[in-house]
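Whatever position you read off the sequence shown (first residue = 1), add 89 for the numbering used here. Cβ coordinates follow ideal geometry from the N, Cα and C atoms, glycine included. Everything on this sheet refers to the single structure shown next.
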Amino acid sequence: MGDCDGDGRLDLVSGSNCCDPETIHLFLRQADGTFAARREIKFERPGLSQAVRTFARGRSRPHLFDWDRDGKTDLVIANLGRRTVLVSPGPLAGKAEVAVKAVELPACPDEAHPVETGFADWDGDGAFDLLVAAQYRAVKDGPWRYAVYWFRNTAPKGEPKFAAGARLVTIPTPWELNAFAVVDRELVVSVSKNWERKTGGGWAVNSKLWRYRRRG
Numbered sequence: 090m091g092d093c094d095g096d097g098r099l100d101l102v103s104g105s106n107c108c109d110p111e112t113i114h115l116f117l118r119q120a121d122g123t124f125a126a127r128r129e130i131k132f133e134r135p136g137l138s139q140a141v142r143t144f145a146r147g148r149s150r151p152h153l154f155d156w157d158r159d160g161k162t163d164l165v166i167a168n169l170g171r172r173t174v175l176v177s178p179g180p181l182a183g184k185a186e187v188a189v190k191a192v193e194l195p196a197c198p199d200e201a202h203p204v205e206t207g208f209a210d211w212d213g214d215g216a217f218d219l220l221v222a223a224q225y226r227a228v229k230d231g232p233w234r235y236a237v238y239w240f241r242n243t244a245p246k247g248e249p250k251f252a253a254g255a256r257l258v259t260i261p262t263p264w265e266l267n268a269f270a271v272v273d274r275e276l277v278v279s280v281s282k283n284w285e286r287k288t289g290g291g292w293a294v295n296s297k298l299w300r301y302r303r304r305g
């Protein structure tokens, strides 16, 4: 969610999954509170490495917020398994295609591999921070474990500068982390376990939402 067109109303943005990995879906909020029909935003990536060019395939995660804090909403695209985000500076109103630049994010502690990336003011200092859900092995060749890490934004203005990561929560095994969100400085995590194929097709799975309250 974010104000894409500068009208003071929060709009809805989503990725388009693997079938069209270079398209973002945008739903503008109307004056009556409903959403307008879906619009598409394409993003070109000339000059970027092949690894970066293909990273939007699968779970692209677009965000609408002021990345460089110049008063305009920017489009920030994150993805499964990568330390890079793609940033398109605002204003975005009326654009059907945007240019992006690649920005490298800091590495996670524990040699963890990122699976989800989000941005929120976790410590309440007025600057957005980086939050990353990642998987790691506690022992070599051991099972994957999941944790959420916080990287504080230390830049008082302009583009962010993130401090070293600190682990916020560790997901107990055998649960797997699927996604997370920050709501009112609380962490909401989607987890699952016991994936089994159902007779006739499909999957059976035990899924839950967990809420973690921030201390202080």
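Apart from the 5 residues on each side of it in sequence, Glu265 sits with its Cβ closer than 7 angstroms to the Cβ of Tyr235, Val280, Ser281, Lys282 in its chain, given in chain order. The DSSP-derived three-state label of Pro261 is coil. Out of Gly183, Leu175, Ala201, Pro203, the CA that lies nearest to the CA of Lys190 is found in Leu175. Sequence-distant Cβ neighbours of Val277 in its own chain, meaning closer than 7 angstroms and more than five residues away, are Phe269, Ala270, Leu298, Arg300. For Glu129, the secondary structure class from DSSP, reduced to helix, strand or coil, is strand. Counting along the chain, the unbroken beta strand (DSSP E) around Thr112 starts and ends at 112-116. The beta-carbon distance between Phe208 and Phe154, rounded to whole angstroms, is 6 angstroms. This is short enough to meet the 8 angstroms contact definition.
In terms of CA proximity to Ala188, Pro178 leads the group Pro178, Ala196, Cys197, Pro195.
Taking a cut-off of 8 angstroms on C-beta distances, the segment 94-102 touches the segment 115-126, as three or more cross pairs fall below it. Between the beta-carbon of Trp233 and that of Gly254 there is about 18 angstroms, and that puts the pair past the 8 angstroms contact cut.
From the listed residues Gly291, Arg172, Lys287, the smallest Cα separation to Pro203 is found for Arg172. Beta-bridge analysis with DSSP links Val176 to Val165, Lys190.
Beta-bridge analysis with DSSP links Arg303 to no other residue. Rounded to whole angstroms, Ser103 and Glu275 show a C-alpha spacing of 22 angstroms. In this structure, Asp212 and Arg241 form a Cβ contact; the two beta carbons are roughly 6 angstroms apart against a cut-off of 8 angstroms. Counting C-beta atoms within 10 angstroms of its own C-beta, Val165 has 16 or more neighbours from the protein chains shown and is therefore classed as buried. Put simply, the backbone Cα of Ser149 is about 9 angstroms away from that of Glu111.
Shown here, Pro203 sits in a strand according to DSSP, grouped into three states. One Cα belongs to Val237, the other to Thr259, and the distance between them is close to 7 angstroms. The residues Lys282, in chain order, have a CB closer than 6 angstroms to that of Pro263 in the same chain once the five nearest residues on each side in sequence are set aside.
Following the DSSP letters along the chain, one finds Lys282 inside the beta strand (DSSP E) bounded by residues 275-286. Collapsing the DSSP output to three states places Pro249 in coil. The three-state reading of DSSP puts Pro151 in strand, counting E and B together.
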